[in-house]
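Take the sequence shown: its letter number 13 is residue 13 in full-length UniProt numbering, and every next letter is one higher.
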Amino acid sequence: MNRALRKTEEEFFDVADKISSENPELALMGSCVLAVLMKGEDVYIMNVGDSRAVLGKKSEIKDLQRISEDGEGFRGLSTLDAIQLTLDHSTCVEEEVRRIKREHPEDACAVMNDRVKGSLKVTRAFGAGFLKQPKWNSALLEMFRIDYVGTSPYITCHPFLYHHELGSRDRFLILSSDGLYQYFTNEEAVAEVESFIATIPEGDPAQHLVEEVIFRAARKAGLDFHELLEIPQGDRRRYHDDVSIIVISFEGRIWRSCV
């Protein structure tokens with residue numbers, strides 16, 4: 001998976017290099033990556049950036065007993081644990097910030113305003129050549145350039161790789177861009193999917209999560225749900241990030257939704 005990602009990015013930059021004079025904005029274009037390969041009981045996960053794979057796993061009996069003994073509100077609590085199977089690559093992760101500063105000791109502004117060179121929140125990404133090579137930064141119009149110090153890349157496309165073997169307590173996997181986690185914790189997302197599937201088994205939990213994100217974003221902005229939906233897609237980014245969600249049930253169903 002790592003080799004395939006590296007080769008794909010190399011091909012992207014090769015193509016971009018041939019047309020960069022007509023399309024200099026290609027130096028700005030990039031993306032997070034989240035890929036999952038399932039074969040039998042084996043789940044292989046690769047991520048670059050801040051998209052997440054979160055597993056909903058049945059709590060052990062002793063954990064359920066402890067919740068019950070605590071007394072308050074056992075009903076309605078999730079019976080599943082939320083286990084993140086990916087690592088976030090963003091300036092919210094102190095080790096990532098330290099790594100970038102360590103690799104660029106001559107640049108006091110390598111990370112500023114919680115962004116790499118004041119530009120990107122993620123510390124690893126596919127593409128985004130202007131933060132990887134000086135030549136891509138130089139290809140941009142001056143107003144879009146960063147102060148590129150030295151020649152070392154500020155961000156990389158080095159992925160986090162993880163292998164998970166499915167167990168009898170595993171229920172589902174939530175794959176999502178970071179837009180979901182601006183309004184949900186891992187635990188809240190798992191509890192929401194668990195509750196929705198139990199209540200509306202023929203429904204679409206991925207679409208439900210998307211609608212909940214819009215609802216929470218609207219409420220935070222003091223808007224009605226439908227008022228927010230009426231805002232043009234580009235302008236709506238002021239209220240919530242793009243959200244892409246896939247929910248994989250290990251009973252054999254997959255749901256997808258995005259906004």
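Cβ atoms here follow ideal geometry from the backbone N, Cα and C, with glycine treated the same way.
On a CA-only basis, which of Thr-8, Val-33, Glu-10, Leu-80 is nearest Arg-171? Give me that one, please. For this step, residue 171 is matched to residue 171 along the sequence shown. With distances taken between Cα atoms, Arg-171 lies closest to Leu-80.
Please state the DSSP three-state secondary structure of Glu-72. Counting from 1 along the sequence shown, the entry for residue 72 is found at position 72. At Glu-72, the pLDDT of 47 sits below 50, so the modelled position is not reliable; the number obtained from the coordinates is stated separately. DSSP, reduced to helix, strand and coil, places Glu-72 outside both helices and strands of the structure shown, so it counts as coil.
First through last residue of the beta strand (DSSP E) which encompasses Arg-52: For the purposes of this step, residue 52 is identified with residue 52 of the sequence shown, where counting begins at 1. Counting along the chain, the beta strand (DSSP E) containing Arg-52 begins and ends at 52 to 58.
Which residue from Phe-160, Glu-94, Val-33, Arg-169 puts its Cα closest to that of Glu-251? Residue 251 sits at position 251 when you count from the first residue of the sequence shown. Closest option to Glu-251, Cα to Cα, is Arg-169.
So, with DSSP's three-state summary, where would you put Val-190? Within the sequence shown, the letter at position 190 stands for residue 190. Taken through DSSP and simplified to helix, strand or coil, Val-190 comes out as helix.
Taking buried to mean at least 16 other C-beta atoms within 10 Å of its own C-beta, is Thr-247 buried or exposed? In the sequence shown, the residue the question calls residue 247 occupies position 247. According to the sequence displayed, residue 247 carries Val and not Thr. Classification of Val-247: buried, given that the 10 Å Cβ count is 16 or more.
When DSSP builds the beta bridges, which residues end up paired with Arg-6? Looking up residue 6 in the sequence shown gives position 6. BP columns for Arg-6 are empty, so no partner.
Would Arg-102 pass as a contact of His-158 if the rule is Cβ separation under 8 angstroms? Along the sequence shown, one-based indexing puts residue 102 at 102. Along the sequence shown, one-based indexing puts residue 158 at 158. Not closer than 8 angstroms, so no.
List in chain order: all unbroken alpha helix (DSSP H) runs of 4+ residues lying wholly within the stretch 113 to 196. Here the runs fully enclosed are 134 to 138.
Across the stretch 105 to 115 and the stretch 186 to 197, are there enough close Cβ pairs to call them in contact, namely three or more that are closer than 8 angstroms? No, because fewer than three Cβ pairs between the stretch 105 to 115 and the stretch 186 to 197 fall closer than 8 angstroms, the two stretches do not touch.
Might you give, ordered along the chain, the residues of its own chain that have their beta carbon closer than 7 angstroms to the beta carbon of Gly-73, omitting 5 neighbours on each side? In the sequence shown, counting from the first residue as 1, residue 73 sits at position 73. Confidence in Gly-73 is poor, its pLDDT being 44 and thus under 50, which makes the residue's placement unreliable; the coordinate value appears in the next sentence. Contacts found: none.
Three-way DSSP call (helix, strand, coil) for Ile-45 in this model: Your numbering for residue 45 matches position 45 in the sequence shown. The DSSP-derived three-state label of Ile-45 is strand.
Can you find at least 3 beta carbon pairs, one from the stretch 219 to 230 and one from the stretch 147 to 155, that sit closer than 8 angstroms? Judged by Cβ distances under 8 angstroms, the stretch 219 to 230 makes no contact with the stretch 147 to 155, as fewer than three pairs qualify.
Would DSSP call Ala-110 helix, strand or coil? As a position in the sequence shown, residue 110 is number 110, starting the count at 1. Of the three classes helix, strand and coil, the one that applies to Ala-110 here is coil, per DSSP.
Taking one C-beta from the stretch 230 to 240 and one from the stretch 192 to 206 each time, how about it: are there three or more such pairs within less than 8 angstroms? With a cut-off of 8 angstroms, the stretch 192 to 206 and the stretch 230 to 240 do not count as touching, because too few Cβ pairs lie within range.
Could you give the first and the last residue of the continuous beta strand (DSSP E) run that contains Ala-27? Taking the first residue of the sequence shown as position 1, residue 27 is located at position 27. Bounds of any beta strand (DSSP E) do not take in Ala-27, whose DSSP letter is neither H nor E.
Please check if any C-beta of chain C sits within less than 8 angstroms of the C-beta of Pro-24. Absence of chain C from the displayed structure is noted, only one protein chain being present.
Taking one C-beta from the stretch 172 to 185 and one from the stretch 128 to 138 each time, how about it: are there three or more such pairs within less than 8 angstroms? Because the criterion of three Cβ pairs below 8 angstroms is not met, the stretch 172 to 185 and the stretch 128 to 138 do not touch.
Same chain only: Cβ atoms within 6 angstroms of residue 273, ignoring 5 sequence neighbours per side: Residue 273 lies beyond the range of the chain shown here (1 to 259); nothing can be said about it.
With DSSP collapsed to three states, give me the class of Leu-229. Locating residue 229 in the sequence shown gives position 229, where the first residue counts as 1. Leu-229 falls in the helix class under three-state DSSP.
Does DSSP put Leu-209 in a helix, a strand or coil? Residue mapping note: residue 209 aligns to position 209 of the sequence shown, counting from 1. In this structure, Leu-209 counts as helix in the three-state DSSP scheme.
Can you have a look at Gly-71 and say buried or exposed, based on whether 16 or more other CB atoms are within 10 angstroms of its CB? As a position in the sequence shown, residue 71 is number 71, starting the count at 1. In this predicted model, Gly-71 has a pLDDT of only 46, less than 50, meaning its place in the structure is not dependable; the value taken from the coordinates is given anyway. That one is exposed.
Excluding the 5 residues flanking Asp-42 on each side, which residues of the same chain have their C-beta closer than 7 angstroms to its C-beta? Position 42 of the sequence shown, counted from the start, is the residue given in the question as residue 42. Around Asp-42: His-163, Glu-165.
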